[in-house]
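S.K.: Sequence lines, in order, name chains A and B.
Just so we're on the same page, the numbering used here is the position in the first sequence counted from 1, plus 10.
Just so we're on the same page, the numbering used here is the position in the second sequence counted from 1, plus 1.
Cβ atoms here follow ideal geometry from the backbone N, Cα and C, with glycine treated the same way.
Sharing a structure here in structure tokens format.
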Amino acid sequence: MMAVSVFTSERFLSRLIETQTRQIQALADVYLDGLSLALVDSMIREDVWQVFDVLDRSQQRPSEIKPAETIVAGTDDFVIASSNPVRIPSQARVPARYVESLQHVGKIVVAEADKRAFVRREVLYKNRPIGSIYAALAIAPLLAERRQVLWTLVLTNTALTVLLAVAAWFIVGRMMRPMQTLTRYLERSHDGQVSPIPEPIVASASSEYKRPFAAFNRLAAAVAEREARRAKLAEGERLASLGRLACGMAHGDPSRGRSGYISRWLRWKLSAAQSSGHASAMLVADWI
Amino acid sequence: MGSVPSKFFRLFFYTYGHRNVVRAVSSGLAASGSVDGCVYDVLRETEPDLVARTRIIPKSELLGFPPVACASVDAASPEISRLREGLVNMPADADRRRVLGMLRLDGFSVEKPALSRPK
């Protein structure tokens, strides 16, 4: 269950990241398209103020995408103007982190640690490059959304897993309860007590457990009957032995002889046995 | 100073407006710039945050506001006369006084051309 949950979450997050990257790319393209059109003339003239003015105004416009930093550079990668002239002044080289991370023109590079996405657009005039626009886009809100989705997934999946585990434990417990009852009654049989499962329990069991309960009860009845027969047989054998002993004494067998009071006691016992109807006792009585 | 901007400054550029000079200096794009004192005073009122990131290094002597000029051949034309009369009489009318207030001006007056010529 956990494996399925982790797999599903991983797939969902991967799709979300792909969708967000596509969204950032699309928004960046729109932003850079607008800038390119507005900047062509200024870039040809390398007009510092006009370039800065366009960048400054583009940052003030409400937009879905927030450019954190934008640099406009000539073909030699020297800055014409940037949106942050204090950090990246005009006529300085484009910072290495921009150049290194943007080998592929137009393709967005996401730097999660910096909470930024970098993109570079080459600006053309009559099919000739006149410079590049480097942009760092603030993607903290998108990353926060991703983090929120991750936590929502983790918490939801954990809650679902726990809920399903508890439900499974409860259901399996309920399913196994008749088996536990059967096991309990079977274990009692080790002590020689094979007692049948009470009728109310059998009646309350589900249909698939009624059959094993009924079979167990039949077994218990058979065992009880067998025990009764064995007890009866043992009693008969005991009385037969007594009969043989009494017979021996009555006929003066020295090996079995005892004093006269034993013989009288046996007669008394035999008479009691006769009254209970034991055949062996009657036989012994005949011998006496 | 006996020098030219291209030699004294590493980079110099035009901003095409006095307010833009303040923006350029305020943003850090330029280290310094020359701006009309009247515009600077107005900006101090209307955009104090923008002006707060700048400071005045030297002030020039007080000079007249840039003139409203026209071609000398048209100076006597009726249209220019009406325009001159309208500007000079602005303080006499409440609506036009409001316009002067928006421009942070007291009024217009006819002065000698030498006042606006560099000495």
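Please state the DSSP three-state secondary structure of residue 78 of chain A.
M.R.: Strand.
S.K.: Just to confirm, are residue 93 of chain A and residue 105 of chain A a CB contact at a threshold of 8 Å?
M.R.: For residue 93 of chain A and residue 105 of chain A, no; Cβs fall outside 8 Å.
S.K.: Between which two residues does the beta strand (DSSP E) containing residue 46 of chain A stretch?
M.R.: Per DSSP, residue 46 of chain A belongs to no beta strand (DSSP E); it is in the alpha helix (DSSP H), 12-55.
S.K.: Kindly identify the DSSP beta-bridge partner or partners of residue 139 of chain A.
M.R.: DSSP, once it has assigned bridges, lists A/134 as partnering residue 139 of chain A.
S.K.: Should residue 243 of chain A be labelled buried (16 or more other beta-carbon atoms within 10 Å of its own) or exposed?
M.R.: Flag for residue 243 of chain A reads exposed.
S.K.: Give a yes or no on whether the minimum CB-CB distance between residue 25 of chain B and chain A is below 8 Å.
M.R.: Taking Cβ atoms only, chain A reaches closer than 8 Å to residue 25 of chain B, which makes this a yes.
S.K.: Comparing C-alpha positions only, which one of B/110, B/36, B/33, B/14 sits nearest to residue 92 of chain B?
M.R.: When each option's Cα is compared against that of residue 92 of chain B, the closest is B/110.
S.K.: So, residue 52 of chain B versus residue 44 of chain B, is the Cβ gap smaller than 8 Å?
M.R.: Contact flag set, yes.
S.K.: Strictly below 9 Å CB to CB, what residues from chain A border residue 29 of chain B?
M.R.: Correct list: 94, 95, 96, 97, 99.
S.K.: Nearest to residue 33 of chain A by CA position, among A/251, A/82, A/153, A/248, is which residue?
M.R.: The shortest C-alpha separation from residue 33 of chain A is found at A/153.
S.K.: Under 7 Å: does the beta carbon of residue 260 of chain A sit that close to some heavy atom of the ligand GTP?
M.R.: The ligand GTP is absent from the structure shown, which contains no ligands of any kind.
S.K.: Kindly provide the ranges of any alpha helix (DSSP H) runs that are 4 or more residues long and lie completely inside the stretch 35-94 of chain B, ordered along the chain.
M.R.: List check, alpha helix (DSSP H) in window: 38-47, 49-53, 79-89.
S.K.: In the structure shown, what three-state DSSP assignment does residue 226 of chain A receive?
M.R.: Reduced to three states, the DSSP call for residue 226 of chain A is helix.
S.K.: For the 8 Å Cβ check, are there 3 or more pairs between the stretch 92-104 of chain B and the stretch 73-80 of chain B?
M.R.: Result no; under three Cβ-Cβ pairs closer than 8 Å.
S.K.: According to DSSP, is residue 360 of chain A part of a helix, a strand, or is it coil?
M.R.: An answer regarding residue 360 of chain A cannot be provided, because it is not within the stretch 11 to 298 covered by chain A.
S.K.: Could you check whether the Cβ of residue 62 of chain A sits closer than 8 Å to any Cβ belonging to chain B?
M.R.: Yes - at least one Cβ of chain B is within 8 Å of the one on residue 62 of chain A.
S.K.: Can you name the residues of chain B whose CB is closer than 8 Å to the CB of residue 66 of chain A?
M.R.: What residue 66 of chain A touches in chain B: 24, 28.
S.K.: Please state whether the Cβ-Cβ distance between residue 227 of chain A and residue 211 of chain A is less than 8 Å.
M.R.: No, Cβ-Cβ distance for residue 227 of chain A and residue 211 of chain A is not below 8 Å.
S.K.: From the DSSP output, which residues share a beta bridge with residue 92 of chain A?
M.R.: Partner(s): A/81.
S.K.: List the endpoints of the continuous beta strand (DSSP E) containing residue 120 of chain A.
M.R.: It spans 119-121 - the beta strand (DSSP E) in which residue 120 of chain A sits, taken as one unbroken run.
S.K.: Please report whether the beta-carbon of residue 10 of chain B lies at a distance below 8 Å from any beta-carbon of chain A.
M.R.: Chain A contact via Cβ: absent.
S.K.: Distance, Cα to Cα, residue 158 of chain A vs residue 23 of chain A?
M.R.: Going from the Cα of residue 158 of chain A to the Cα of residue 23 of chain A covers about 11 Å.
S.K.: Report the rounded CA-to-CA distance for residue 172 of chain A versus residue 217 of chain A, giving the unit in angstroms.
M.R.: In a straight line, the C-alpha of residue 172 of chain A is about 30 Å away from that of residue 217 of chain A.
S.K.: From A/214, A/140, A/191, A/215, pick the residue whose C-alpha is nearest to that of residue 55 of chain A; which is it?
M.R.: Of the listed residues, the one whose Cα sits closest to residue 55 of chain A is A/140.
S.K.: Skipping 5 residues on each side, what residues in its chain have a beta carbon closer than 7 Å to that of residue 52 of chain A?
M.R.: Around residue 52 of chain A: 60, 61, 64.
S.K.: Using the three-state DSSP reduction, which class does residue 118 of chain B fall into: helix, strand or coil?
M.R.: DSSP places residue 118 of chain B in coil when its eight states are reduced to three.
S.K.: Just the Cα atoms here: how many angstroms apart are residue 30 of chain A and residue 37 of chain A?
M.R.: Computed Cα separation, rounded: 10 Å.
S.K.: If you measure between the beta carbons of residue 90 of chain A and residue 58 of chain A, is that distance less than 8 Å?
M.R.: Yes; because the gap between Cβ atoms is below 8 Å, this pair is in contact.
S.K.: What does the Cβ neighbour count give for residue 123 of chain A, buried or exposed, with the cut at 16 atoms within 10 Å?
M.R.: So residue 123 of chain A ends up on the exposed side.
S.K.: List the residues that DSSP assigns as beta-bridge partners of residue 126 of chain A.
M.R.: BP columns for residue 126 of chain A point to A/121, A/148.
S.K.: In this structure, what does DSSP give as the bridge partners for residue 103 of chain A?
M.R.: DSSP output for residue 103 of chain A lists A/88 as bridge partner(s).
S.K.: Note the first and the last residue of the continuous alpha helix (DSSP H) segment covering residue 204 of chain A.
M.R.: Unbroken run through residue 204 of chain A: none, as it is neither H nor E.
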